[in-house]
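Student:
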Amino acid sequence: MSRTALRAVFAAVALTLVVLAGAAFVLWADLEPTERSALAAVLTQPRVGLLVLFVVVLAAGIALYVRRLLAVTVGPAQRIAEALRLIAQANPAHRTREEGAPELQAVARAVNELAEARSRLLHDVEATVHDAKARVEEERNRLAALVSELDQSVLVCNHEGRILLYNAAAQGLLGGADAGARADLLGLGRSVFGVLDRGLIQHAIEAMEGQIARLERESVHFVTATRDGRLLRVQAAPVLNVGEGLAGSGEPDRGRAANAALTGYVLLLSDVTESIDADAKSVGLLQGLVEGTRAALANIRAAIENVTEHPEMDAARRARFGAIIQDEAVRLSDRLNLATAQAAERLRARWPLEEMRGEDLLTLARARIERRAGLSTKLESVDPELWLRVDSFSLAQALSYLARRLKDEFAVREVRFRLLPVGGHAQLDVLWRGAPLAPETAFAWENDAFTHGGEDSPLSLAQVVERHGGEAWYQRDLPAQIAYFRLLLPLGAQRADARARAKLPGRPEFYDFDLFQRSPATDALDERPLTDLAYTVIDTETTGLNPAEGDEIIAIGAVRIVNGRLLRGETFESLVDPQRHLGEASIAVHGITPEMLAGQPTIDEVLPRFHRFAEETVLVGHNAAFDMRFLQLKEARTGVRFDQPVLDTLLLSAVVHPAQPSHGLEEIASRLSVDVVGRHTALGDAVTAAGVFLRLLPLLAERGIRTLGEARVAAEKTYYARLKY
Amino acid sequence: MGKRVLIADDEPNIVASLEFLMEQAGFEVRVAANGEQALELAASFRPDLVLLDIMLPKRSGYEVCQRLKSDPATRDMKVVMVSAKGRDVEVAKGVELGADAYVVKPFSTRELVAKVREMLASP
Chain A
0 MSRTALRAVF AAVALTLVVL AGAAFVLWAD LEPTERSALA AVLTQPRVGL LVLFVVVLAA
60 GIALYVRRLL AVTVGPAQRI AEALRLIAQA NPAHRTREEG APELQAVARA VNELAEARSR
120 LLHDVEATVH DAKARVEEER NRLAALVSEL DQSVLVCNHE GRILLYNAAA QGLLGGADAG
180 ARADLLGLGR SVFGVLDRGL IQHAIEAMEG QIARLERESV HFVTATRDGR LLRVQAAPVL
240 NVGEGLAGSG EPDRGRAANA ALTGYVLLLS DVTESIDADA KSVGLLQGLV EGTRAALANI
300 RAAIENVTEH PEMDAARRAR FGAIIQDEAV RLSDRLNLAT AQAAERLRAR WPLEEMRGED
360 LLTLARARIE RRAGLSTKLE SVDPELWLRV DSFSLAQALS YLARRLKDEF AVREVRFRLL
420 PVGGHAQLDV LWRGAPLAPE TAFAWENDAF THGGEDSPLS LAQVVERHGG EAWYQRDLPA
480 QIAYFRLLLP LGAQRADARA RAKLPGRPEF YDFDLFQRSP ATDALDERPL TDLAYTVIDT
540 ETTGLNPAEG DEIIAIGAVR IVNGRLLRGE TFESLVDPQR HLGEASIAVH GITPEMLAGQ
600 PTIDEVLPRF HRFAEETVLV GHNAAFDMRF LQLKEARTGV RFDQPVLDTL LLSAVVHPAQ
660 PSHGLEEIAS RLSVDVVGRH TALGDAVTAA GVFLRLLPLL AERGIRTLGE ARVAAEKTYY
720 ARLKY
Chain B
0 MGKRVLIADD EPNIVASLEF LMEQAGFEVR VAANGEQALE LAASFRPDLV LLDIMLPKRS
60 GYEVCQRLKS DPATRDMKVV MVSAKGRDVE VAKGVELGAD AYVVKPFSTR ELVAKVREML
120 ASP
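In the order they appear, the protein sequences are chains A and B. Each step along the first sequence adds one to the number in numbering that gives the first Met the number 0, with nothing skipped, and position 493 is 492. Each step along the second sequence adds one to the number in numbering that gives the first Met the number 0, with nothing skipped, and position 25 is 24.
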């Protein structure tokens, strides 16, 4: 029984006794002495005993009743209070028992209902938050996918010039000429001044800020050159911190917009080298032609005018003028031929043409013919490697028009297609068996509008073919009983994969909007949280284990981690010619043969490029001391010094799991369930080590290791740190 | 024996030179100023060789060539297309439609005469 209950019972009994005693006393005091003695005579021993017994029973009864009363009120009430506290603070799913007095049962029921309602509310809130997060994530992904697939090169930078979004087109444009250099300069978190001139960007920022202050909305353009001499046209637009850019707001709220500050900017880039070049060439061609023709005609005209106006001229002189006219005419012909040949490329059709696989065009045309004209179609012989430069829609219309007309006017039921490259063009034949057309009919069909063949376009076959810079005609093979329309169309350039392909499986990371929030690093690197820093995770393959005894690097692989994310699109990979013999034992480990290394760049070329790739990051490696020793030994020779901090995943794993016997890369990876990619290739091992490093970070945080300085200190203390190369 | 040449071109300035050229070379010459006339003269004059421009009124040189080559009566006539249309697709079309030769303007008169002689010499 609880203290409260005990006290209550005691109090009740005490009260009763006091009341009874009081009553007895009052009675006794009230009585006359004679009545008192009479009462005393009555209260004999047995009767007093009975009276006491009665009082005791009464007290007990009262005690029990009070106890029972308390049991149905105080106890349950306390339990309800406890339950409420539990529900509110610790366990929203807890419910209280319905017990005790009916009123308290009602309270308990109400409490449970309230708890239920609260649970549902919490659940709904959680679901809403989850949905909102998912929607934001989806929109981000859509934006990223959109931007990454744009033909136009896009860069988004924060105010300091850190790149926080770029797309594949930008990577292709700015990445540099050779594949190895591609990843060096352009990457998330890197400075844009590595690829574009700082002065120009400053100037553009000033122009944008000026416009913001004046509430104007012109876009800022400039033309700049890249390191490898190409011309880029850059269009800059500001990103404002008010949450709304100037785009889209008609009359910006003057007060707010005036305070809007530039937090970043978007750059749209286009390579105008070729178009400027092409324009220059065309103009030059035309001018040359005009000037040359004027000169030649002048010579001819002067000569012939002389001859006609002076018939008395002597024969020798007339012969000379004749020769001049002949000579100039021939030279003019030659010049014309040359100009025609040069201009052949520039005589493009008026409408834009697209590169398309021949097979795809035929698929398109066949679908259209089968659907609209209702004929069956077949392919007779098609070159699968053939690419065309065509306006696919109007061509599909043209082919469907021919098919429909053949069906309507000559009951042709099937047409077949041939598509082959012939003499620098694509030859597309539309064949059928049966009634051949008369040539006049065919010529008429070439010039009739498509409306005669069920297509609603005013164009004719001749016009469409002319648009492509091609030709078309009709031919029949009477003995074989087939007839065909033959179209000569321009061949397209076979499309090599121009865009940079991702070297690793997985979607390349092209954006990181969190970098908007980054402020310039004011703390020393050691004070910075591990999750904030950028890392280059590196792995090397070497000829052997003894750097001091002449072993050399034969491969370097690295991948970047920015803002806690492994950037699969930003990698560095290079084989290195070690300029020495490669031992059998080492070939067995990494599988790199001397043949693979022949012709590769030497360490003098690769190391400076790698140094640029790893600029401004912390280096991470598995057994990093080994790799770093190799890099250090090359300092004198290449002039490249790696002075950034280094973290070793082997040591960090020992910090986190000191009791484990093995800290080999594969063991750690399996412990932390990281996929091993490309074991014993430099890039593969670097990616695995990067995955391990990311998994180690939260485990380190659990042990209180959160900053770079703390990690370095902890790593040094581990047993393995005693082994030095 | 004298070979007959039909010149089909609507530009008088070139016709004058071609006619002069062919007559100097010893051929009998007739001139047609449009496609219809060319076909008529082909039937009546029965030339051994036709100097055929492409951009003719009434019917294009391509049409005339195809007609001549598909008609057994005129199939054996040699057709030399002489035209300012010089793109390779246009030359390909001319050849495929049956032209025995295709000369792009401007041309060398000496070479043209040599070619005509050569074509008329072979069967």
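Note that the Cβ used here is the ideal one computed from N, Cα and C, for glycine as well.
In whole angstroms, what is the alpha-carbon distance linking Leu360 of chain A and Leu331 of chain A?
Tutor: Rounded to whole angstroms, Leu360 of chain A to Leu331 of chain A spans 42 Å at the Cα level.
Student: Counting only beta-carbon atoms, is Leu5 of chain B nearer than 8 Å to chain A?
Tutor: Chain A, which has no Cβ nearer than 8 Å to the Cβ of Leu5 of chain B, makes this no.
Student: Might you give, ordered along the chain, the residues of its own chain that have their beta carbon closer than 7 Å to the beta carbon of Gln65 of chain B, omitting 5 neighbours on each side?
Tutor: Within the same chain, Gln65 of chain B has close Cβ partners Leu96, Gly97.
Student: Which word fits Met76 of chain B, buried or exposed, when buried means at least 16 other C-beta atoms lie within 10 angstroms of its C-beta?
Tutor: Looking at its Cβ environment, which holds 16 or more other Cβ atoms inside 10 Å, Met76 of chain B is buried.
Student: Select from the segment 80 to 99 of chain B all residues with a C-beta closer than 9 Å to any C-beta belonging to chain A, and list them in chain order.
Tutor: Under the 9 Å Cβ criterion, the segment 80 to 99 of chain B contributes Gly85, Arg86, Asp87, Val88, Glu89, Ala91, Lys92, Glu95, Leu96.
Student: Considering Cα atoms alone, identify which of A:Leu387, A:Leu693, A:Leu632 is closest to Glu548 of chain A.
Tutor: Residue A:Leu632 is the option with its Cα nearest to Glu548 of chain A.
Student: When you compare only the Cα positions, how much space is there between Ala178 of chain A and Val673 of chain A?
Tutor: Confidence in Ala178 of chain A is poor, its pLDDT being 47 and thus under 50, which makes the residue's placement too unreliable to answer from.
Student: Beta carbons nearer than 9 Å to chain A: which residues of the segment 105 to 122 of chain B have them?
Tutor: Cβ contacts with chain A: Pro105, Phe106, Ser107.
Student: In or out: Ser248 of chain A buried (at least 16 other Cβ within 10 Å) or exposed?
Tutor: Unreliable placement is indicated for Ser248 of chain A, whose pLDDT of 46 sits below 50; the coordinate value is still reported in the next sentence. Exposed: under 16 other Cβ atoms inside 10 Å.
Student: Ends of the beta strand (DSSP E) at Leu419 of chain A?
Tutor: Unbroken beta strand (DSSP E) run through Leu419 of chain A: 413 to 421.
Student: Taking a contact to mean a Cβ-Cβ separation below 8 Å, would you say Asp382 of chain A touches Gly357 of chain A in this structure?
Tutor: It is a contact, given that the beta carbons lie within the stated cut-off.
Student: Going by C-alpha to C-alpha distance, which of A:Leu574, A:Ala434, A:Phe484 sits closest to Leu460 of chain A?
Tutor: It is A:Phe484 whose Cα lies nearest to the Cα of Leu460 of chain A.
Student: Could you check the C-alpha separation between Arg109 of chain B and Ala32 of chain B for me, to the nearest Å?
Tutor: Looking at the two C-alpha atoms, the distance is approximately 24 Å.
Student: Starting from Glu62 of chain B, find everything on chain A with Cβ-Cβ shorter than 8 Å and list it in chain order.
Tutor: Going along chain A in sequence order, the residues near Glu62 of chain B (Cβ under 8 Å) are Pro438, Glu439, Phe442.
Student: Starting from the beta carbon of Gln65 of chain B, find every residue of chain A whose beta carbon is closer than 7 Å, and list them in chain order.
Tutor: Correct list: Pro438.
Student: Could you please give the first and the last residue of the uninterrupted alpha helix (DSSP H) stretch that includes Leu651 of chain A?
Tutor: Note, Leu651 of chain A: alpha helix (DSSP H), 648 to 655.
Student: Taking Leu758 of chain A as the reference, which of B:Val103, B:Ala91, B:Ala100 has the closest Cα?
Tutor: Lying before the first or after the last residue shown, residue 758 of chain A is absent from chain A, which here runs from 0 to 724.
Student: For the putative contact between Asp531 of chain A and Thr541 of chain A, defined by C-beta atoms under 8 Å, what is the C-beta separation to the nearest angstrom?
Tutor: Rounded, the Cβ-Cβ distance is 32 Å, inconsistent with contact.
Student: Let me check understanding here. Comparing Cα to Cα, which of A:Val639, A:Thr637, A:Ala635, A:Ala624 lies closest to Leu650 of chain A?
Tutor: Closest by alpha carbon: A:Ala624.
Student: Per DSSP, Val28 of chain B is paired with what?
Tutor: DSSP lists B:Val4 as partners of Val28 of chain B.
Student: Going by the CB atoms, is the gap between Val102 of chain B and Val79 of chain B shorter than 8 Å?
Tutor: Yes, Cβ-Cβ distance for Val79 of chain B and Val102 of chain B is below 8 Å.
Student: Would you call the CB atoms of Ser218 of chain A and Ala236 of chain A closer than 8 Å?
Tutor: Yes, the pair counts as a contact, with Cβ atoms nearer than the cut-off.
Student: What residues match up with Cys64 of chain B in a beta bridge as DSSP calls it?
Tutor: None; Cys64 of chain B has no bridge partner.
Student: Could you give the first and the last residue of the continuous beta strand (DSSP E) run that contains Ala72 of chain B?
Tutor: Per DSSP, Ala72 of chain B belongs to no beta strand (DSSP E) and is neither H nor E.
Student: Counting along the chain, where does the beta strand (DSSP E) carrying Gly620 of chain A start and finish?
Tutor: Here the beta strand (DSSP E) through Gly620 of chain A covers 617 to 620.
Student: Three-state secondary structure (DSSP) at Asp359 of chain A?
Tutor: Here Asp359 of chain A sits in helix by DSSP.
Student: Would you kindly work out how many angstroms separate the C-alpha atoms of Gly60 of chain A and Val18 of chain A, rounded to a whole number?
Tutor: Taking the straight line joining both Cα atoms gives about 15 Å.
Student: According to DSSP, which residues form a beta bridge with Met80 of chain B?
Tutor: Per DSSP, B:Leu51, B:Tyr101.
Student: Report yes or no: do the segment 83 to 96 of chain A and the segment 8 to 25 of chain A share at least 3 C-beta pairs separated by less than 8 Å?
Tutor: The segment 83 to 96 of chain A is not in contact with the segment 8 to 25 of chain A.
Student: Comparing alpha-carbon positions, which option in A:Glu709, A:Val617, A:Ala681 lies nearest Val654 of chain A?
Tutor: It is A:Glu709.
Student: Looking at C-alpha atoms only, which residue of A:Ile591, A:Leu335, A:Ser652 is the closest neighbour of Gly620 of chain A?
Tutor: Nearest C-alpha to Gly620 of chain A: A:Ser652.
Student: Please go through the segment 73 to 127 of chain A and give each complete alpha helix (DSSP H) segment of 4 or more residues, from N-terminal end onward.
Tutor: Entirely contained in the segment 73 to 127 of chain A, not one alpha helix (DSSP H) run reaches 4 residues.
Student: Does chain B have any CB closer than 8 Å to the CB of Gln474 of chain A?
Tutor: Answer yes: the Cβ-Cβ gap between Gln474 of chain A and chain B drops below 8 Å somewhere.
Student: How do the segment 98 to 105 of chain A and the segment 65 to 80 of chain A stand: do at least 3 beta-carbon pairs fall below 8 Å, yes or no?
Tutor: Touching, per the Cβ criterion.
Student: Near Val55 of chain A, which residues of its chain fall below 6 Å by C-beta distance, leaving aside the five closest residues on each side in sequence?
Tutor: There are no such residues.
Student: Taking only beta-carbon positions, decide if Glu327 of chain A is within less than 8 Å of chain C.
Tutor: Of the protein chains in the structure, A and B, none is chain C.
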